[in-house]
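K.L.:
Let me give you the structure first, and then I'll get to my questions.
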Amino acid sequence: MSDTKGGLKYSLNISDKCEGCGICCVQYMDYFEELDDGRAKAKNKVVVLSGEEVEKIVQLCPCGAISCEESKKNTKQQFMRLLETLETYRAKYPEKKQLAFRSDEYFISIPFASGENRYDYSSDSAANNAAGREFNNKMFSQINVYILKILTEYRIKYMKPYYSEREDENSYYVKCNKELSQILSEAADLLKSEGLGGSIPADFSKVAVFPNDDLVWKMLCNGEVMSSEMVSAIRSEYDSGPCSSVNDYECYWDTDYTEVYAGTSFGRDKYKDKYCYSNMREAFQELARDILSACHYRDDEIEERAIDLLKGIIDVYNQKLKNVLAPKISYMKKMAGQLAD
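Now the structure itself:
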């Protein structure tokens, strides 16, 4: 927006009536911009306009969404409030409820038991042992893998915003940077409204700070920190439970037998018993419930570990942010002296 002299200070506002026709953004691009949803937004909180310009802008909108009110606020007071906000700004740590671990949000896939219902075994114990081997191979031996998968899903769902630079991943730092850029833009607009916009640095409103050089950030990106420690803790919780071995799940599967034709002897048909195992799905499901239960009993530990890791990253962000904001704050203090009380 170019400096305008000979007018009054006005605040531009867009109401919910806006239907996104874009006329204001095209004809008054210094004052309006288009949001992602197509609707318009006033770029500047305070602008200097003549009475004729005010009338043209208000009447331009076919929906009547634009209002233009004379600003009664003291520019210097507004400017100093923005300066104070920047001086005291700190990215906040996440609260525990924001990182709550809820075991019912996670799902463990149940494997298919390919060996059940086959009458291949000569005794009940042989069929039972075969069931135990399949149970172990398909799921029990993979307990740590299932725990890791749950923790990975938790890390991506709840922690990812704190070690990401991408807006589409809901980056916490993108939000903070945008908030600060908006504050700086408002400060720049106030200076422009007083005819002091000529000395504003080109990158004054730009804030693009990320703690991506932090070691914990990098390790979280690789899934190294959160997972290794917590897998052991949750596995220990599982092992302390009522079922901690393959034999503890025998009661959930069944064995059965049938008579199979075995030829003739002395003119008479012969038969022998053959055994199988079945109902493995119930055993798999019980193990899945036990794994999720172990995760549930360690939910506090999961959440506290997550918060501790993220606090360190946010501390790095705040320190880098302080260094980036320092020259901008210094400039604002200098310009504050040129604003009328």
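Be aware that the sequence shown starts at 903, since it is given in this note's numbering, and climbs by one per residue. Heads up, the beta-carbon is just placed ideally off N, CA and C, and yes, glycines get one too.
#1: Do the stretch 912-927 and the stretch 960-972 touch if we need at least three Cβ pairs shorter than 8 Å?
#2: Since leucine 1050 and valine 1133 are thought to touch, with beta carbons under 8 Å apart, how far apart are those beta carbons, to the nearest angstrom?
#3: With a Cβ-Cβ cutoff of 8 Å, do isoleucine 916 and isoleucine 959 count as a contact?
#4: Run through DSSP, which three-state label would asparagine 1124 get?
#5: Does the Cβ of glutamate 986 lie closer than 7 Å to at least one heavy atom of the ligand HEM?
#6: According to the Cβ coordinates, are phenylalanine 1042 and valine 1148 closer than 8 Å?
#7: Thinking tyrosine 995 and lysine 1213 are a contact (beta carbons under 8 Å), I'd like their distance in whole angstroms, please.
#8: Going by DSSP in three states, glycine 1165 sits in which element: helix, strand or coil?
#9: Do you know whose CA, among Asn1031, Ile925, Ala1104, lies nearest leucine 1086's CA?
#10: Buried or exposed for phenylalanine 1168, please, with buried defined as at least 16 other CB atoms from any protein chain shown within 10 angstroms of its CB.
#11: Smallest Cα separation from tyrosine 1048: which of Ser1180, Asp1192, Tyr1074?
#12: Output yes or no for whether 8 Å exceeds the beta carbon distance between valine 1226 and valine 1111.
#13: Could you work out which residue in Asn1019, Thr1160, Lys1176, Glu1007 is closest to lysine 1198 when comparing CA atoms only?
#14: Roughly how many angstroms separate the alpha carbons of valine 1218 and proline 1113, rounded to a whole number?
#15: Check whether the stretch 1117-1134 touches the stretch 1175-1192, taking contact to mean three or more Cβ pairs, one atom from each stretch, closer than 8 Å.
#16: So for valine 1218, helix, strand or coil by DSSP?
#17: Since alanine 1208 sits in a beta bridge, which residues does DSSP pair it with?
#18: How long is the line joining the alpha carbons of serine 1005 and tyrosine 1060, rounded to whole angstroms?
#19: Taking 8 Å as the cut-off, decide whether the C-beta atoms of glutamate 1205 and leucine 1001 are in contact.
#20: When you compare each of Ala944, Asp1175, Glu1081, Pro1144 to tyrosine 1159 by their alpha carbons, which one comes out closest?
#21: How many angstroms separate the CA atom of tyrosine 1209 from the CA atom of tyrosine 933?
#22: Which partner residues does valine 949 have in the DSSP bridge list?
#23: Could you check what DSSP says for isoleucine 1045 in three-state terms: helix, strand or coil?
#24: Quickly, what does DSSP pair aspartate 1158 with across the bridge? List them, please.
#25: Do you know how far the Cα of glutamate 1088 is from the Cα of phenylalanine 981?
#26: Is proline 1144 buried or exposed, if buried means 16 or more other CB atoms sit within 10 Å of its CB?
#27: Suppose contacts are defined by Cβ-Cβ distances below 8 Å. Is glutamate 1184 in contact with tyrosine 1154 by that definition?
#28: Assuming contact is defined by CB atoms lying nearer than 8 Å, are aspartate 1243 and lysine 978 in contact in what I supplied?
#29: Starting from cysteine 970, trace the alpha helix (DSSP H) both ways and give me its first and last residue.
P.N.:
So, from the data block:
#1: yes
#2: Leucine 1050 to valine 1133, Cβ: 5 Å. Contact.
#3: For isoleucine 916 and isoleucine 959, no; Cβs fall outside 8 Å.
#4: coil
#5: Judged by which ligands are present, the structure shown has none, so any question about the ligand HEM falls away.
#6: yes
#7: 5 Å
#8: strand
#9: Answer by Cα proximity: Ala1104.
#10: Exposed, because fewer than 16 other Cβ atoms sit within 10 Å of the Cβ of phenylalanine 1168.
#11: Distance from the Cα of tyrosine 1048 is smallest, within the candidate group Ser1180, Asp1192, Tyr1074, for Asp1192.
#12: Going by C-beta atoms, valine 1226 is nearer than 8 Å to valine 1111.
#13: For the record, residue 1198 in the displayed sequence is histidine; it is not lysine. Comparing Cα positions, the closest option is Glu1007.
#14: 6 Å
#15: No: the two stretches stay apart, fewer than three of their Cβ pairs being nearer than 8 Å.
#16: Here valine 1218 sits in helix by DSSP.
#17: Its beta-bridge partners do not exist; DSSP assigns none.
#18: Approximately 13 Å between the Cα atoms of the pair.
#19: yes
#20: Asp1175
#21: Before going on, a small fix: residue 1209 reads as isoleucine here, not tyrosine. C-alpha separation (whole angstroms): 42 Å.
#22: Tyr912
#23: helix
#24: Answer is Cys1178, bridged to aspartate 1158.
#25: 8 Å
#26: exposed
#27: yes
#28: yes
#29: Counting along the chain, cysteine 970 falls outside any alpha helix (DSSP H), though it belongs to the beta strand (DSSP E) covering 968-972.
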